[in-house]
Amino acid sequence: MGGMHECFSYFPHRYGRWLIQSCFGEVCKTNYTTEFQVREYVEPTFDVKISPERSYFHVSDNELRVKIEARYTFGYDVNGRAYVRYGIIEQEKKTPLHWNLIDIENGEGEILILKNKLTTNGTMEHLVGRNIFVQASVMGHSVGELQEAELTSVIILKAKYTLVVQKSSSFFKPNNPYSFQVLVKNPDGSVASGVKVTSVEKEEEKSTKSNKDGIAKFTFNTGKGMRELNIKIYTDEPMQAIAMWKVFPYSSKRDYLLVISPRSLTTKLNEELRLDLKAHLSNEKNDVDAFSYMVISKGSVVKAAKIQSVGFSTAISLLITKEMVPSFRVVGYYHHGGEFVSDSVQIDVETGCDTPLKLSRNMKSQTIPPDVKVPITIEGESKSRVALVAVDKAAYVNNPNNRVTSKQVFAALETFDRTCSPGGGKDAMGVFHDSGLIFAATNGDRSTDKAFQCFEQSRKKKRSLEDYLKFLSDLVEEYKVEQKRRCCSDGQRINLPEETCESRAEFVTEKDDCREIYKKCCKDAYDERYYLEYEEEEEMDVHARNANEFLEKDVYIRNDFPLSFFWETHDLDKNSMIVSRTVPHSITTWELQAISISDNQGICVADPLDIIVFEPLFAKIHLPYSIRRNDQADMRVIVYNYLSLEQRPEGILHKISQSFLLSPGKSFVIPNDMPSDIVPNSDSVSF
1 MGGMHECFSY FPHRYGRWLI QSCFGEVCKT NYTTEFQVRE YVEPTFDVKI
51 SPERSYFHVS DNELRVKIEA RYTFGYDVNG RAYVRYGIIE QEKKTPLHWN
101 LIDIENGEGE ILILKNKLTT NGTMEHLVGR NIFVQASVMG HSVGELQEAE
151 LTSVIILKAK YTLVVQKSSS FFKPNNPYSF QVLVKNPDGS VASGVKVTSV
201 EKEEEKSTKS NKDGIAKFTF NTGKGMRELN IKIYTDEPMQ AIAMWKVFPY
251 SSKRDYLLVI SPRSLTTKLN EELRLDLKAH LSNEKNDVDA FSYMVISKGS
301 VVKAAKIQSV GFSTAISLLI TKEMVPSFRV VGYYHHGGEF VSDSVQIDVE
351 TGCDTPLKLS RNMKSQTIPP DVKVPITIEG ESKSRVALVA VDKAAYVNNP
401 NNRVTSKQVF AALETFDRTC SPGGGKDAMG VFHDSGLIFA ATNGDRSTDK
451 AFQCFEQSRK KKRSLEDYLK FLSDLVEEYK VEQKRRCCSD GQRINLPEET
501 CESRAEFVTE KDDCREIYKK CCKDAYDERY YLEYEEEEEM DVHARNANEF
551 LEKDVYIRND FPLSFFWETH DLDKNSMIVS RTVPHSITTW ELQAISISDN
601 QGICVADPLD IIVFEPLFAK IHLPYSIRRN DQADMRVIVY NYLSLEQRPE
651 GILHKISQSF LLSPGKSFVI PNDMPSDIVP NSDSVSF
């Protein structure tokens, strides 16, 4: 049992981006790097979501309905008002076109994006391809707290769907069927099922419907001497999507071919997959002596073998192991008549586990009070190691991309893939090259020495802060005259939200060449910053005020509010175990995440488990974000009452007209003889 190691380090109080690098093996032949950011932030009380009824605005539409939702982290609705504005994003600039003030009742509000507000001439053709942004600032009635959210994914378009040819070779084998698949996507990137898709190659036309995964599969027959296939793909919809796909023939000196045909392009862990290997020799009666093949996954050779042929063909059976997850490639070849002939095919392994990892809690109540021990049941593969973490969902309001999902985990594994294409190649050496291999033979045949070039180019290298600063310095160094260098340096300043490089350049009072240099350096610096910044910083900028807890003598005092209250690893000796932990004092929803590693199943990721910590009557005190010494502080107490009856809290302060000096290390008792207010049921009152 193993495959998982944990370590804890205390970082100095320095803001910025931090990098963690780990390596595995005696010579560190496998390594991985991740980044995280240290910065000040405020834990929000509630979350705001913007949900359009569809992810696109068609040029023929007159309106688009958008829902604004606001809910506390403990699951209850927020009542308040929302200031909503929307407009067009054009060349990275957001132009507000309309704004409105709406009520948020029972956690929901609604606006309409109107066509006549987006354009003045009644047509949307000139806006096709641009995005609509929606910004919402919600103020809770009782909390007096502002939360903001932004949506930028609504796109203006003519076609309803997007067609993408995926996992299909760019080369076909003459005189053999050529198969490819098309992914049908909605504008928001989700898959579109049940959509009729048609593909045409010359006079041959075929139609099918996309399956539940959005995939439409096609097969065309090819002939000898065909130089290329020009395939047109389109949807049979009023808002039609069109794609073109060009395929070229495999090249061989003697028209020799090898075709690898798997029984399926997808398989499961611990199953056996049969693949047929068939040689095509032009006008020859001699048999192929043997076939050689390799199984490659995540940049490593998992298996290599040689098998005798039966005539011109043979079959192999592969047992799918955890080393082949989430995908692998079979590269086959033979040598005949002084020529090497090869082919390859990529197989996807379904990432579901035979014994799935599950989290559950055996408690009748949907919610639990703070400071209570909760039994958590972990079920999974025996002899596996499980990592378990609990995170306050309020943390995801500021950082929505940090959830651990199986898709995220296996996408990280795919980054070790060194291949350049889904399979095949332009010739025998091209097959090896596109499989991330360097091939050399005694007869002089060899693949290009740049076998990993496409691997480097196909993945965008992350820019570091040092790269960014060097880039800015190099921009200035391009100019030898000091005045021009100063113009470039001034242009590199970060734009304010309402500024563009063009608008800033208008205020340059020096010669015209300085203005152009200023504008060029401004745009170049902006583009470089775009690749440096994190996605989460572009998606949402949340401004909130932290909520500390109301302190009252002789009552239960909540004072433990971590964002995560445990991070642990456990060994499952059997198929299940129970872990009991005491939840902190936060009134919120905790999300439990788990990931396991085992010899039989490899990596498994559990569906998250929510634990709602709640009290029907509780109080919070809102403190200012910061305070200077000897300053007065405004502290607001909020009492939440979700009981069925009105409550009269005792000891609540009301309109205190005096100030207090809080000395370090000392406590101060505030008199509680002020009149108290009645808090209605299912409501909250601010004092």
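For what it's worth, UniProt numbering labels the leading residue of the sequence shown as 1, then goes sequentially. Think of the CB as a built atom: it goes at the ideal place given N, C-alpha and C, for glycine as much as any other residue.
- Approximately 5 angstroms separates the beta-carbon atoms of residue 377 and residue 578; this is inside 8 angstroms, confirming the contact.
- Collapsing the DSSP output to three states places residue 408 in a helix.
- Contact annotation, residue 98 with residue 117: C-beta distance approximately 4 angstroms; criterion of less than 8 angstroms satisfied.
- In this structure, the CA atom of residue 137 is about 13 angstroms from the CA atom of residue 44.
- In the DSSP assignment, residue 178 forms a beta bridge with 220.
- Close CB contacts of residue 329 within its chain, under the 8 angstroms cut and outside five residues either way in sequence, are with 295, 296, 297, 344, 345, 346, 347, 419, 423 and 435 (chain order).
- If you draw a straight line from the Cα of residue 84 to the Cα of residue 186, it comes to about 26 angstroms.
- The C-alpha of residue 82 is placed about 23 angstroms away from the C-alpha of residue 623.
- Straight-line measurement puts the Cα of residue 360 at about 27 angstroms from the Cα of residue 349.
- Its Cα nearest to that of residue 203, the residue 231 stands out among 231, 480, 15 and 227.
- Judged by beta-carbon spacing, residue 88 lies beyond the 9 angstroms limit of residue 150, meaning their Cβ atoms are not closer than that value.
- The beta carbon of residue 265 sits closer than 8 angstroms to the beta carbons of 167, 345, 346, 347 and 348 from its chain, once the five residues preceding and following it are set aside; these are given in chain order.
- Under the three-state reduction of DSSP output, residue 186 falls in the coil class, being neither helix nor strand.
- Sorting 130, 146 and 222 by C-alpha distance to the C-alpha of residue 172 places 222 at the top.
- Three or more beta-carbon pairs separated by less than 8 angstroms link the segment 210-228 to the segment 190-199, which places the two stretches in contact.
- Scanning 513, 493 and 40 for the CA closest to the CA of residue 504 turns up 493.
- For residue 308, the enclosing beta strand (DSSP E) covers residues 300-308.
- Between residue 585 and residue 388, the gap from beta carbon to beta carbon reaches 9 angstroms or more.
- The C-beta separation of residue 314 from residue 291 comes to about 5 angstroms, placing the pair in contact by the 8 angstroms criterion.
- Here residue 429 carries a helix assignment [DSSP, helix/strand/coil].
- Of 158, 15 and 299, the smallest CA-CA separation from residue 40 is found for 15.
- Rounded to the nearest angstrom, the gap between the Cα atoms of residue 605 and residue 95 is 42 angstroms.
- Rounded to whole angstroms, residue 201 and residue 229 show a C-alpha spacing of 7 angstroms.
- A check of alpha carbon separations from residue 79 across 90, 46, 61 and 54 identifies 46 as the nearest.
- In this structure the segment 244-251 does not touch the segment 271-279; the number of beta carbon pairs closer than 8 angstroms is below three.
- In this structure the segment 57-75 touches the segment 106-114; the number of beta carbon pairs closer than 8 angstroms is three or more.
- According to the DSSP assignment, residue 628 belongs to no alpha helix (DSSP H), since it is labelled neither H nor E.
- In the DSSP assignment, residue 343 falls within the unbroken beta strand (DSSP E) covering 339-350.
- Rounded to whole angstroms, residue 279 and residue 255 show a C-alpha spacing of 11 angstroms.
- In the three-state reduction of the DSSP assignment, residue 126 falls in the helix class, which pools H, G and I.
- Contact check for residue 425 against residue 327 fails: the beta carbons are separated by 9 angstroms or more.
- The alpha-carbon separation between residue 196 and residue 484 amounts to approximately 58 angstroms.
- Non-local beta-carbon contacts of residue 304 in its own chain, meaning distances under 8 angstroms to residues more than five positions away in sequence, involve 292, 293, 294 and 295 in chain order.
- Excluding residues up to 5 positions away in sequence, 475 lie with their Cβ nearer than 7 angstroms to the Cβ of residue 524 in the same chain.
- Ranked by how close their Cα comes to the Cα of residue 32, the residues 440, 414 and 480 have 414 in first place.
- In this structure residue 385 is buried. Its beta-carbon is surrounded by 16 or more other beta-carbon atoms within 10 angstroms.
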